[in-house]
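Participant: In my numbering, the protein residues as written are 85 to 387.
In this text, a Cβ means the ideal position worked out from N, Cα and C, and glycines have one as well.
This one's a predicted model, so the numbers in the text were calculated from it and none came from an experiment.
1. Does the pairing of the segment 262-271 with the segment 306-322 give three or more beta-carbon distances under 8 Å?
2. Can you name, in chain order, every residue of its own chain whose Cβ lies under 8 Å from the Cβ of residue 171, other than the five neighbours on each side?
3. How far does the alpha helix (DSSP H) with residue 211 in it extend, from its first residue to its last?
4. DSSP three-state call for residue 226: helix, strand or coil?
5. Pairing CB atoms from the segment 280-299 with CB atoms from the segment 327-336, are three or more of them under 8 Å?
6. Which residue from 260, 93, 99 and 119 puts its Cα closest to that of residue 352?
7. Quick check on residue 320: buried or exposed, where buried means 16 or more other Cβ atoms within 10 Å of its Cβ?
8. Entirely within the segment 292-351 and at least 3 residues each: give me those beta strand (DSSP E) ranges in chain order.
9. Cutting at 8 Å between CB atoms, please list the residues of its own chain near residue 126, excluding the five before and the five after it.
10. Per DSSP, which one or two residues make a beta bridge with residue 252?
11. Return the Cβ separation of residue 347 and residue 336 in integer angstroms, given the expectation that the two are a contact with Cβ distance under 8 Å.
12. Any idea if residue 236 is buried or exposed, counting beta-carbon neighbours within 10 angstroms, 16 or more meaning buried?
13. Could you spell out the range, first to last residue, of the alpha helix (DSSP H) harbouring residue 166?
14. Would you report the Cα separation of residue 214 and residue 386, rounded to the nearest angstrom?
15. Thinking residue 363 and residue 106 are a contact (beta carbons under 8 Å), I'd like their distance in whole angstroms, please.
16. Residue 141 by DSSP, collapsed to three states: which one?
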């Protein structure tokens, strides 16, 4: 799949990030991960991102990363494209990128580099180096310490033909509008704020109709129903699902830092696809929070 074909796929439909399965001892659980992917793939997501933020990329050792990406690519070879999360320091990100390409990933999501703040020029050089290390398509994730502006992205687009996507995790509307207006159809644009459904209608109005859904991990039917309601401007259905599910869901998610991942793993366990515990420094939901989430999921009906 060439970068432009990937761009076309990412320009419509719902995207999702499967959680990464661990055993009770915290080791990668390949068999459980395969079952998860086989369950999720038929629900209609346009692409799945293996070892992304929700997939706890930040906690994976290099050898585990290879296992996760290979398992995802092999399992979904005939069903849905797999993009791989990559990140960290530039040389580390390049190693991950080249390994993902070798293993057959159709594209990459370039996650923010770790910790160090840097100038726009420095971040742009980092992104360019990763893009030029591979031939497959790359989506850059503006979030945390990665805050590229429209000018830098335009220059990167000229220098890196395989940079085909921009994912926004900042929620800076002025910046998003400037990027969308400046770059036009050069990129595929993805909404990437935590629990992106809450922002989906607003981002669609900005020209960003595609987003990634974390709750697809445990209520895939509801996630797809919501996406289709957004796509057809069914405001009544959108409002009902937000009121009935997403707002009380946010109340649980917002209780502790890191719960954006923890609550998704809890949801997967509740619906019978236990992915094991989150890895430190994240923490799992408390029992009363788990029970509140279970009651909320139950109200969504059969998936």
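Facilitator: Concretely, from the data shown:
1. With the rule of 3 Cβ pairs closer than 8 Å, the segment 262-271 does not count as touching the segment 306-322.
2. 141, 142, 177, 180, 194, 195, 196, 197 and 198
3. 204-216
4. strand
5. yes
6. 119
7. exposed
8. 294-297
9. 163
10. 226 and 275
11. 6 Å
12. buried
13. No alpha helix (DSSP H) contains residue 166, which is instead part of the beta strand (DSSP E) from 166-170.
14. 42 Å
15. 7 Å
16. Helix, per DSSP.
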